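Heads up: the sequence shown is residues 141 to 257, going by my numbering. Glycine included, C-beta positions come from ideal geometry on N, C-alpha and C. Fair warning: this is a prediction, and the values are worked out from it, not measured in the lab. Note sheet for the following structure.
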Amino acid sequence: MLSAVHRLTTADGFRRTVRQGRRAGSSTLVVHLWVDPDAAPAPAQVGFTVGKAVGNAVTRNRVKRRLRHLTREHLAALEELPGRAALVVRALPAAAEASYDSLGADLARTLGRVNPS
């Protein structure tokens with residue numbers, strides 16, 4: 141579980157991250173990373189989007205739990221970015237059938253591509 145300080149919860153936060161952030165995708169997910177280097181250092185925030193195309197509620201919640209757990213492993217790298225960072229992870233329909241390891245590999249690869257440093 142992500143702590144409350146690391147959760148991206150506002151619609152404005154999601155909108156800003158998706159529209160202004162860097163984007164990278166894979167077959168199972170798309171990540172959007174927005175970094176504001178001029179802002180005061182703050183904990184990185186992470187939000188998830190899992191649409192109905194992924195599956196029923198049980199499947200969507202399973203995918204979201206997996207992504208939440210996998211993202212926790214990358215929080216330290218996000219915290220090292222200068223200023224303030226926000227990450228939105230959007231699951232694609234293929235995420236429903238993907239294994240935990242393949243989701244982790246896709247997340248690591250896409251985060252590596254959007255990381256500005």
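By alpha-carbon positions, which one of the options ends up nearest to residue i?
i	options	result
arginine 163	Asp152, Arg230, Thr211 and Ala235	Arg230
proline 256	Val158, Ala225, Gln185 and Leu243	Ala225
alanine 250	Ala235, Asp241, Gly165 and Pro177	According to the sequence as given, residue 250 is threonine; it is not alanine. When each option's Cα is compared against that of threonine 250, the closest is Gly165.
serine 239	Thr199, Leu215, Arg253 and Val254	Thr199
glutamate 237	Gly161, Gln160 and Asn196	Asn196
proline 181	Gly161, Leu221, Ala245 and Asp241	Leu221
valine 203	Asp241, Ala216, Leu173 and Pro177	Asp241
With 16 other CB atoms within 10 Å as the buried threshold, where does residue i fall?
i	result
serine 167	exposed
valine 190	buried
threonine 149	exposed
alanine 235	buried
Taking the Cβ atom as the reference point for each residue, do residue i and residue j lie within a distance shorter than 8 Å?
i	j	result
proline 233	valine 194	yes
arginine 212	leucine 142	yes
leucine 227	leucine 218	yes
histidine 146	valine 171	no
glycine 223	alanine 151	no
What residues in its chain sit with their C-beta under 6 Å from that of residue i, if we drop five residues either side in the sequence?
i	result
leucine 247	Leu210
glycine 161	His172, Leu173 and Trp174
For residue i, collect the residues of the same chain with a Cβ closer than 8 Å to its Cβ; drop the 5 residues on either side in sequence, then sort them by chain order.
i	result
proline 183	Val145, His146 and Glu219
histidine 214	Leu247, Ala248 and Leu251
threonine 157	Leu148, His172, Leu173, Trp174, Gly187, Ala226, Leu227 and Val228
Is the Cβ of residue i closer than 8 Å to any Cβ of chain B?
i	result
valine 175	Looking at the structure shown, chain B is missing, and only one protein chain is on hand.
Completely contained beta strand (DSSP E) runs for the stretch 204-250, where each covers 3 or more residues: 224-231
Within the stretch 173-197, ranges of the alpha helix (DSSP H) (whole runs, at least 4 residues): none
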